[in-house]
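Colleague:
Numbering (this note's numbering), first residue to last: 655 to 867.
#1: Taking 7 Å as the cut-off, is the C-beta of residue 683 nearer than that to any heavy atom in the ligand GTP?
#2: Using three-state DSSP, classify residue 683 as helix, strand or coil.
#3: Quick one: any contact between the stretch 786-793 and the stretch 801-811, if contact means 3 or more CB pairs under 8 Å?
#4: Can you grab the Cα-Cα spacing for the pair residue 852 / residue 791, in whole Å?
#5: Answer yes if the stretch 674-694 comes into contact with the stretch 716-734, meaning at least three C-beta pairs across the two stretches below 8 Å, and no otherwise.
#6: What residues are listed by DSSP as bridge partners for residue 700?
#7: Are there 16 or more other CB atoms within 10 angstroms of the CB of residue 762, so buried, or fewer, so exposed?
#8: Under the three-state reduction of DSSP, which class applies to residue 779: helix, strand or coil?
#9: Tell me, please, which residues DSSP counts as bridged to residue 729.
#10: Could you give the residue range of the alpha helix (DSSP H) that holds residue 668?
#11: Among 821, 659 and 826, which one has its Cα closest to the Cα of residue 720?
#12: Among the candidates 684, 685, 712 and 706, whose CA atom is the shortest distance from the CA of residue 695?
#13: Which word fits residue 633, buried or exposed, when buried means at least 16 other C-beta atoms lie within 10 angstroms of its C-beta?
#14: Give the C-beta separation of residue 766 and residue 754 to the nearest angstrom, bearing in mind that I take them to be a contact with Cβ-Cβ under 8 Å.
#15: What does DSSP give as the partner residue(s) for residue 694 in the beta ladder?
#16: Per DSSP, which one or two residues make a beta bridge with residue 784?
#17: Would you list, in sequence order, the uninterrupted alpha helix (DSSP H) runs of no fewer than 4 residues that lie entirely inside the stretch 704-760?
#18: Under the assumption that residue 686 contacts residue 656 (Cβ atoms under 8 Å), give the Cβ distance between them as a whole number of angstroms.
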């Protein structure tokens, strides 16, 4: 079975390939592998208020373009002291806040988002900076099929100073209490076992493994 992973994030793709690599007889394809070039309309695929709706929007769009079974995820971080923000707007948090240009991308965008998050929490005591990562993956067999959803959550606390060179996004600023280090300091195996994306895609891997029997 071929499965298209609908993301242009190199960081996400590495993690997803690592997790789904354990599923027998599964050929995991990225968008470049499938020859799906970038189109500006992709920027408008996540206008919704829930992770489920955004993930499904992306999955159906790329399933229609590719003709392949497709999985897409929407993920973000919900900070309790900010009323659950940035949530589904995690990727564009700094842009929405007017502290970064709307066309910023890549590591520069990650850095701007992290600076904005730390600034918003400047007056919040350390122990009240609790947060949770959320990931919802939507699997569709074609662009019109009913989706199957897989959800994962992971908890942490926001710290001012970035620590660790691994991971991506908010990982250097999210401290895992049990391990005593940030998500950016975790080994790949530790992160897969504890992260929101690890939980969601491990559930997907189990589902695909059962379907292949």
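Here a beta-carbon is modelled for each residue, glycine too, at the ideal position from N, C-alpha and C. Quick caveat, the model's predicted, so the values are computed rather than measured.
Modeller: Reading from the atomic positions:
#1: This structure does not include the ligand GTP; it has no bound ligands of any sort.
#2: strand
#3: yes
#4: 11 Å
#5: yes
#6: Answer is none; residue 700 lacks a bridge partner.
#7: exposed
#8: coil
#9: 789
#10: 664-674
#11: 659
#12: 712
#13: Given a span of 655 to 867 for the chain in the structure shown, any question on residue 633 remains unanswerable.
#14: 4 Å
#15: Per DSSP, none; premise fails for residue 694.
#16: 811
#17: 705-720 and 747-750
#18: Contact doesn't hold; Cβ gap of about 14 Å is too wide.
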